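**Q** In UniProt numbering, the protein residues as written are 1 to 241.
C-beta atoms are modelled at their ideal positions from N, C-alpha and C, and glycine is treated no differently.
Please read these numbers as outputs of a predicted model, since none were measured by experiment.
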Amino acid sequence: MAKRKEEHPECRVSAIVSALEKAHLTPEFRGSDITQLQNCETATFEDVGDGHFISPPKKAKYSVSEEGVDGSGDTHTTDTTFKESLVSTGAEISLVDYVVASAKITKNPPIGFALICPHAVPDGPLGFCSGGNVAIAARHAQRVHGLQRGFIIDISAHPGKGTNDMFYDDPDVFFLSIHQDGILPGAGKIDHIGRGKGAGATLNVPLPQFSGDFSMQTVMCQVIVPCTQRFKPDIILVSAG
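Listed below in structure tokens is the structure:
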């Protein structure tokens, strides 16, 4: 994990761990129906491919200090962040491999969950994320497993700008972002629908601030489900939070 200042607002990891504990999904409660992957290999540069990742600090546009990386805004990183990101990406790739392999031998393939950062932008960290893991997962599924059509659902307060930009010209990966309207100026607008061959394969759904469960259920039933049925993806990836 990237080093962060005491007052930093990032709290997703601790909040998710607490939620898992309440749902009895942490290791001490898990039954035989839940498998925890262990000893995952660290990702390589080949694995990362053209997914968004912060460059090694010595090559990045940021200067490294004990406080983090100057110039990275509210997404504080250190000189070990890149190596740590490769570790988390390796876990994610292992998860994709496991789910795909299981889908070949059972009618009810498992649902995988990885507690990692989903997206950044091509030239550095953004939104408390130092790597574009969901984009890397989609490319891995295509390159290694031949799952040509990927569907990415991004649910967060801010739009998934990094993932959006990654697949904006790509007709084989449908990117759907649900986020708060106007929280990231210039990004996630409803008329951002893709470009060139990828036109129509991107959908941004900006919602008013404080939209609740009913709004999300409506988007799920009237937007997400019809889009997936029409696109007919080989794999669905959810970037949550």
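Exposed or buried, Val144, counting other C-beta atoms within 10 Å across all chains shown (16 or more means buried)?
**A** Exposed is the call here.
**Q** In terms of residue numbering, what span does the beta strand (DSSP E) encompassing Val239 cover?
**A** The question names Val, but residue 239 in the sequence shown is Ser. Judged by DSSP secondary structure, Ser239 falls within the beta strand (DSSP E) whose first and last residues are Ile235 to Ala240.
**Q** Please report the distance separating the alpha-carbon of Ala114 from that of Val223.
**A** 25 Å
**Q** Looking only at its own chain, which residues have a Cβ that is under 8 Å from the Cβ of Leu37, when we skip the five neighbours before and after it?
**A** Excluding positions up to five away in sequence, the list reads Ala91, Ser94, Leu95 and Tyr98.
**Q** Among Ala240, Lys232 and Ile178, which one has its Cα closest to the Cα of Met216?
**A** Ile178
**Q** Since Pro159 and Leu176 should fall inside the 8 Å C-beta cutoff, what is the C-beta to C-beta distance between them, to a whole number of angstroms?
**A** Not confirmed; about 11 Å, so no contact.
**Q** Contact defined as beta carbons within less than 8 Å: I believe Leu237 pairs with Gly150. What is the distance between those atoms, to the nearest angstrom?
**A** 6 Å
**Q** Run through the segment 141–187 for me and flag every whole beta strand (DSSP E) of 3 or more residues, listed as ranges in chain order.
**A** 150–155 and 173–180
**Q** Just to confirm the assignment, what range does the beta strand (DSSP E) spanning Val223 have?
**A** Element bounds for Val223: n/a, residue is neither H nor E.
**Q** Would you list the one or two residues that DSSP bridges to Leu203?
**A** Leu176
**Q** Where does Pro233 land, buried or exposed, given buried means 16+ other C-beta within 10 angstroms?
**A** Under this definition Pro233 is a buried residue.
**Q** Using 10 angstroms around the beta-carbon of His192, count the other beta-carbons present and answer buried if the total reaches 16, otherwise exposed.
**A** buried
**Q** Compute the Euclidean distance between the alpha carbons of Tyr168 and Gly194, then round it to the nearest angstrom.
**A** 5 Å
**Q** Tell me which residues share the same chain as Thr163 and place their Cβ nearer than 7 Å to its Cβ, disregarding the 5 neighbours each side in the sequence.
**A** His119, Gly132, Val134, Ala135, Ile152, Asp154, Phe175 and Ser239, listed in sequence order.
**Q** If Gly212 sits next to Pro171, beta carbons under 8 Å apart, how far is it from one beta carbon to the other, in whole angstroms?
**A** Contact annotation, Gly212 with Pro171: C-beta distance approximately 34 Å; criterion of less than 8 Å not satisfied.
**Q** Taking all protein chains shown into account, decide if Thr106 is buried (16 or more other Cβ within 10 angstroms of its Cβ) or exposed.
**A** exposed
**Q** Which stretch, first to last residue, makes up the alpha helix (DSSP H) that contains Lys83?
**A** Thr81 to Ala103
**Q** Hey, how far is the Cα of Leu147 from the Cα of Ala157?
**A** 29 Å
**Q** What span of residues does the alpha helix (DSSP H) with Glu46 cover, start to end?
**A** Phe45 to Val48
**Q** So what's Leu115 in DSSP terms, helix, strand or just coil?
**A** coil
**Q** Taking only the alpha-carbon atoms, compute the straight-line gap between Ile116 and Lys83 and give it to the nearest angstrom.
**A** 14 Å
**Q** Once you ignore the five residues that flank Gly112 on each side, which residues in its own chain have a CB closer than 8 Å to its CB?
**A** Leu95, Val96, Tyr98 and Val99
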